[in-house]
Amino acid sequence: MSTTYQDKSGDAFAQDELYGKLQRIRGQASSKLANQKQYALILSAVEESLDEDKTERTATAYFVSFLSLLDQAFNETAVVNKDLASTTIYFLDLVAPYVSHALLRAKFTPILTKLSPVFTSPEVDAPLLRSSIGILEILLIVQDTQAWNNSSVGASPRRGLMGLLAFTVDPRPKVRKRAHEAITNILSNPPAGPSLEFAASTLCAESALQSVAQLLQETKNKPKKQVQPQQQGADSHNAKLIHSLQLVKAITTANGWPMSKLEALCEMLLSISRTTEQYLVIAAFDVFESIFKGISAQEDGPKLLVILDSIFDLKPSVNDQHLVPAWLAVIAQATQSYAEIEPRDAFLKLPKIFKVVVQFLDSESSTIHVSATQCLVALCSTAIMPENLLLPTDAESQARFEESEAVLAELATIVFGLLNVKYQSSWKEVMSVLEALFENLRWRADPHLINCLKVVGTLRSDESLAEGRQETDTVIGAAIRNIGPERVLELFPLNLTSNNNKQPGRAWLLPLLRDNVQFANLKFFSSDMVRLAGQLEAEIASVGDKGKLTQAMAMKIKIFETLIDQIWSTLPKFCDLPFGLQEGFDNEFAELLINVLYKYVEFRPYICQGMKLLVESNKELAEGKLDEDILLIQRIGKETGHSNLDYLSKFAPNLLSGLFNVFSKTPSEGRGYILECITAYLSITSKTDLENTFNKVATVLHSSLQEEAQAKAAAAESKKKPARDELPPTSTTMMDLIIPMVTYLPQSSHNALLSIFATLSNESADALLQKKACRVISKLSESEAGKETIINNLGDIEQVFLKISDKVTASARGARLQALSKIVSILPSDHFYFIPSILSEAVLCTKDINEKTREAAFNLIVQMGNAMKQGGVIDHSKVPGMEAAEGVAPVQATLEEYFTMVSAGLAGSTPHMISATITALSRALFEFRAEIQMSMLQELASTVELFLTSNNREIVKSTLGFVKITATIMPEDVVKPSLKSLIANLLVWSHEHNSHFKSKVKHIIERLIRRFGFQVIEENFPESDLKLLTNIRKSRERSRRNKKLEEEETAAPGTATENLRNRKHKAAAAKAASADDKFDNEFDRAIYGSSSEDSDSEDEESGNKRGNNRPNNNNNNNTNNRGNKYIVEGDEPLDLLDQQTLAHITSTKPQTRQQNQQHRGRAAANHFKKDAQGRLIITDPEAGQGGPSAEEQDPLAKLTSGIDAYVEAIKNGPVRGQRNKLKFRKSKGDDDVEMEDDGEQSRPGKKLGFKGKNSGRDNRGFKGGKKDFKQNKRRFYN
């Protein structure tokens, strides 16, 4: 065995990696964490010492320097300076992997001696211990075979490894995990030597076995009352046993377990599996899984056989529900690993394994049935490799074929026996095994599984056995996929016509055929299935000829029509890479398909999809995308794909002609699948036929344009609105056909395409035609010949685009911008004058109302920047509008010049232009942020940020997006000096709620805080707006506290607390994933993205505002109880089906009758009279005035219902009198009181009978007073 651990001392990339790690530590000199600052200070001191000695900063120099510090941190027996020791060992662990192995071997004894106090003292801190384990790991990895064979008592690798093994069961999780990782790394990198077994592997295996055996013995000796399975924590007995099993897993993960101890390991793991501790069982089978994953080499095959034999010898009882599932899972995993190493041997042993596993299907437990089925399915999937199913090609392969046939026959016999009545209780599970066998044997399942299929078909046809139909349908579907529909229908005929009345009908097979046919014989469909559809058509015709149809006849016709539809629905699957294409797809069948397309609209999707699949599936075969399926390639042949495509190309012209006719007579919404079929056949049509087809379509387009123009002129003269047709205009239809041709047309037809583009662009005002004309250019640029044509005619194309810029309709802008992007991507350097010519249009379109147009504009801006980045010359004299300008010299094309050109829009005359320019600058800056000069970036940022002082909201909205980007991408030393002015300008809009300005400003402030720290932002924050900063700080602190509380929650695995926490983590991850999917690109995320803290804090703030508008007796956030709902119950139960139920549901917690009485008593005690303006009227008892009566304390107490209260309020309410004055009805002993509208006071002591604008707080008693009406029932009216 040879070592895989490489010496990195001479590796330049490894040294760069080390320097990068040290550079990150140097940056922690100003850290607020003491340990990080300590690391940076020690590193700085060491580097100063190296510089003074004029020593190069190499990994060796660092290692020697830190090694010298060990003498200051340690003495012979203890740690002298804990902080210095932690820092020094941390750096030794960091630097050691980059030091030469010879130096590490030489320093092994001194370092191990120095670290002995760390490994022997129980009070050592975990960070120091983890770093010590790391340096010990490196030292042990680099030792040679001679050192490992040294059994001296002093410092040796064996002694160091024993010390390391002691920490593999440490109660501290991080220390234990680090020790396990070290063991795995050491055993994964054995020294070079002739021995097949590593000395450290034996040592680790013995230690782990001894530890586990001792703990198991203690478990057996402990009385049952003392064994507490629920006991949790690191110090429990079960926890120690799990830690020991994790050590075993660490050893087996490195494939370091000695073969001589495999049997003992298997016995130990299976004995653990018999315990009732589920965590121990899981840990034991995790070890099995790691064993199988670690075995991957050919020489490990004998080791795996030993494990398999040991596991089979420990077969549990058939009814042992606890052990059988785990044992079967181990069998499946072991077989999978063995099949990966020895696929042929695993396949030959499969019947033997099957015989053992199928015994568990006779168990009384359904759980065991499921486990046995899963094991059998896994065996079929992993042990039946395609290589074992290939047909013979020579004498040697003939022998293998016969051997495989014997294995398959034995497997079929075993599975056929499972369909016996003895296993009837597990027939559903047996169906899963049959499905797996069909899927893995493919067409080799015929004839071996035919008898099984006959039984399953009989069960499916039996109407009395309806319970397992889903399972039987699954098996029959698998048979259709793998042995073919022809063979299945031979066994189970459909019997759908009247000639088969005596035979059972099997119409249920048609949906199975539709969903499962693949790689079938196309001749079978074109002959048998089409003939069956014709017979059903004749049945319909015969029923319809019998005069007046009865209900039974109509039902029969409907059934036959449904059957015909189902037959044609199977066509797409029959066309998915079929066998015998050239025999099945002849002239007669092609004519039939075209005729059906014309006659039956409902069958068009099936036929178009099938015809398209014929081309696409053979293309995949010809391009080699199916080469991995060796069984399919052997059966159908790779060259068949090319010959099939050549054969179909002969039918292409006639098929296209028929498809064109059908396409032209189909409404727009039903053309998609027809156009996809047309595109497929255009791709295989010969160039001559394609050119002829294009010429015919172009001729029709030309004539249709003239006819439409004449019709439009005639309609204009007659002033009559033309009748609206359901079909699109012929010109639009022809363009729909021309666009897919563009990619495949020969270069000789490109001039005609450009002529069509120019004609439609210049003369047509139809938005659809303008859009399709631009798509011609976009499609033309997708091929190399098309790009060449565009470059050759670039000047004319540019002139057309510039000439029609004012005529383009809004809906055609997106297609126009996409075409411009294609042109700019291939623009030669001598045509760069075209970029400033279209720049203003692209900038303005970034504010277009259509989303696709905006995306196309952003893409065009990026494409223009990429073109300018390549370099070239911009001749401004060729830009439209600047031809006559004097003194305009050509300029070099650079990114800086591009940004200057875009920035010119900032001087625009309209706010819309300025806003669009800022948006375009934001996109360009985000794309090219790493490539423009810093001075340019700083000048651009300072200029745009001035627009924050604008009074136009449109401009400010774009500026906020720009600032959001610059605040995160610009270097700190550039942003920091202008922080004060930036924050001041931002906070001007922090009080605006329109357009979400407040939330946007708040999010930018939070980004600045995350980047510069709270203290720096607070120093530059205006004092008048510190309330916003305080809100952000509290939100962040609250978020940290909540996160800390979640982390501090300690719960054992499987408890409700941990399950809840796991659900929270999964929900948070799902929320983050959905947030990631929300944006299409990084630019949208940067502009529109926000953190969860933003929404939380914003919701809280809005919730507080809402809470301030209504009484709240507690300090809790009102938003927390927003979802609470209460049912107000009366004497009768609440009927949830009643329409008045909503009136009994409230968001306020209802009070009991006693609480209502107490509430009214308190209200009456604190009741004062008010005048008309709401001022309190306090009576003086000493002046001889008596207290208020009971009726005055509660004027509504005498009322009996809400309706009565309403009537009483109307009676006592004010009315309009003469001169529009308010007049109150007099009560007993009072005169009428008149009141002016401007609020003239009523008589003192008079309580108004209505709730007005200035009514006092006591008027809310009206709501409380109704609580006792109608036996404590409430009504709520919206």
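Position 60 of the sequence shown, counted from 1, bears residue number 44 in our numbering, the numbering being contiguous throughout.
Virtual Cβ for every residue (Gly too), placed ideally from N, Cα, C.
If you're wondering where the values come from, they're calculated on a predicted model, not measured in any experiment.
Contacting residues, own chain, Cβ-Cβ under 8 Å from Q215 (five flanking each side not counted):
Position 231 of the sequence shown holds residue 215. Low local confidence applies: a pLDDT of 45 at Q215 is under 50, so the model's placement there is unreliable, and no value is given.
Which residue spans inside the stretch 976 to 1021 form an unbroken beta strand (DSSP E) run of at least 3?
none
State the DSSP-derived secondary structure class of Q230, mapped to helix, strand or coil.
To locate residue 230, count along the sequence shown from 1; it is residue 246. Correct three-state label for Q230: helix.
For V153 and V159, I'd like the C-alpha separation in whole angstroms.
The residue labelled residue 153 in the question sits at position 169 within the sequence shown. The residue labelled residue 159 in the question sits at position 175 within the sequence shown. When rounded, the distance between both Cα atoms is 9 Å.
Under 8 Å: do the stretch 910 to 917 and the stretch 934 to 942 share three or more Cβ pairs, one atom per stretch?
no
Hey, how far is the Cα of D499 from the Cα of M369?
As a first step, residue 499 is located in the sequence shown; it is residue number 515 there, counting from the start. As a first step, residue 369 is located in the sequence shown; it is residue number 385 there, counting from the start. Those two C-alpha atoms are separated by around 26 Å.
Pull up the distance between the alpha-carbon of R655 and that of P712, whole angstroms please.
Here residue 655 refers to the residue found at position 671 of the sequence shown. Here residue 712 refers to the residue found at position 728 of the sequence shown. Using only the alpha carbons, I get a separation of about 11 Å.
L930, buried or exposed, once every other Cβ within 10 Å from all chains shown has been counted against 16
The count along the sequence shown starts at 1 and reaches residue 930 at position 946. So L930 counts as exposed.
In terms of residues, what are the limits of the alpha helix (DSSP H) holding H860?
Here residue 860 refers to the residue found at position 876 when the sequence shown is read from its first residue. Note, H860: premise wrong, no alpha helix (DSSP H); not H, not E.
Please name the residue in A323, R258, A268, Q262 whose C-alpha comes closest to that of L289.
The sequence position of residue 289 within the sequence shown is 305, counting from 1. Here the closest residue by C-alpha is A323.
For S1019, count neighbouring Cβ atoms within 10 angstroms of its own Cβ and tell me buried if that reaches 16, exposed if not.
As a position in the sequence shown, residue 1019 is number 1035, starting the count at 1. Buried, by the Cβ-count rule.
Between the alpha carbons of G4 and F(-3), how many angstroms are there, rounded?
In the sequence shown, counting from the first residue as 1, residue 4 sits at position 20. In the sequence shown, counting from the first residue as 1, residue -3 sits at position 13. Cα to Cα, the separation comes out at about 11 Å.
CA-CA distance, Q305 and F400?
Along the sequence shown, one-based indexing puts residue 305 at 321. Along the sequence shown, one-based indexing puts residue 400 at 416. Whole-angstrom Cα-Cα distance: 26 Å.
When you compare the CB positions of A316 and L363, do they come within less than 8 Å of one another, or not?
Numbered from its first residue, the sequence shown carries residue 316 at position 332. Numbered from its first residue, the sequence shown carries residue 363 at position 379. Yes. Within cutoff.
Grouping DSSP H, G and I as helix and E and B as strand, with all else coil, what is V726?
What you label residue 726 is simply residue 742 of the sequence shown in a count that begins at 1. It is helical.
In three-state terms, what does DSSP make of N505?
Counting from one through the sequence shown, the residue named residue 505 turns up at place 521. Three-state DSSP puts N505 in a strand.
Okay, do the stretch 16 to 26 and the stretch 38 to 45 touch, 3+ Cβ pairs below 8 Å being the bar?
no
Grouping DSSP H, G and I as helix and E and B as strand, with all else coil, what is V414?
Working through the sequence shown from its first residue, we reach residue 414 at position 430. V414: helix per DSSP, three-state reduction.
Quick check on F269 - is its C-beta less than 8 Å from some C-beta in chain D?
Absent from the structure is chain D; it holds one protein chain and no more.
Apart from the five residues on each side of it in sequence, which residues of its chain come closer than 6 Å, Cβ to Cβ, to R444?
As a first step, residue 444 must be located in the sequence shown, where it is residue number 460. Excluding sequence neighbours, R444 sits near T456.
Distance, K406 Cα to V302 Cα
As a working note, residue 302 is residue 318 in the sequence shown. As a working note, residue 406 is residue 422 in the sequence shown. Approximately 15 Å between the Cα atoms of the pair.
Who are the near neighbours of N625 in its chain, counting only those whose CB is closer than 6 Å to its CB and skipping five residues on each side?
If you number the sequence shown from 1, residue 625 lands on position 641. Before going on, a small fix: residue 625 reads as Gly here, not Asn. Excluding positions up to five away in sequence, the list reads N602, L605, A606.
So does the stretch 631 to 647 actually touch the stretch 390 to 400, counting three or more Cβ pairs closer than 8 Å?
no
Across which residues does DSSP place V63 in a beta bridge pair?
By one-based count along the sequence shown, residue 63 stands at place 79. DSSP, once it has assigned bridges, lists F58 as partnering V63.
Using 8 Å as the threshold, is the stretch 416 to 423 in touch with the stretch 373 to 387, meaning 3 or more CB pairs across them?
no
Same chain only: Cβ atoms within 7 Å of F644, ignoring 5 sequence neighbours per side
Taking the first residue of the sequence shown as 1, we reach residue 644 at position 660. Answer for F644: L721, listed in chain order.
With respect to the alpha helix (DSSP H) encompassing Y590, which residues constitute its N-terminal and C-terminal limits?
Walking along the sequence shown from the start, residue 590 turns up at place 606. Here the alpha helix (DSSP H) through Y590 covers 588 to 606.
Neighbour-count burial assignment, Q847, 16 or more Cβ in a 10 Å radius:
Here residue 847 is taken as the residue at index 863 of the sequence shown, counted from 1. Counting Cβ neighbours within 10 Å, Q847 comes out buried, since at least 16 surround it.
On the three-state DSSP scale, how would you describe L487?
Your numbering for residue 487 matches position 503 in the sequence shown. The amino acid occupying residue 487 in the given sequence is Gln; Leu does not appear at that position. Q487 falls in the coil class under three-state DSSP.
Under 8 Å between the Cβ atoms of G849 and Y882?
Counted from its first residue, the sequence shown places residue 849 at position 865. Counted from its first residue, the sequence shown places residue 882 at position 898. Cβ atoms of G849 and Y882: closer than 8 Å.
Whether L76 touches F50 by CB criterion (8 Å):
Position 92 of the sequence shown holds residue 76. Position 66 of the sequence shown holds residue 50. Yes.
Around the C-beta of V440, are 16 or more other C-beta atoms found within 10 angstroms, so that it is buried, or is it exposed?
Translated into positions along the sequence shown, residue 440 becomes position 456. Counting Cβ neighbours within 10 Å, V440 comes out buried, since at least 16 surround it.
DSSP bridge partner residues for Q876 (one or two, in chain order)
Here residue 876 corresponds to residue number 892 of the sequence shown, with the count starting at 1. The partner list for Q876 (beta bridge, DSSP) reads V857.
Rounded to a whole number of angstroms, what is the C-alpha to C-alpha distance between S762 and T727?
Translated into the one-based positions of the sequence shown, residue 762 becomes position 778. Translated into the one-based positions of the sequence shown, residue 727 becomes position 743. The straight-line gap from Cα to Cα measures roughly 10 Å.
Nonlocal neighbours in the same chain, by C-beta distance under 8 Å from P955, ignoring five residues either side:
One-based indexing of the sequence shown puts residue 955 at position 971. Closer than 8 Å at the Cβ level, and outside the excluded window around P955, lie M918.
For E990, which of S1008, S321, F818, T952 has the nearest alpha-carbon?
Start at 1 with the first residue of the sequence shown, and residue 990 comes out as number 1006. The shortest C-alpha separation from E990 is found at T952.
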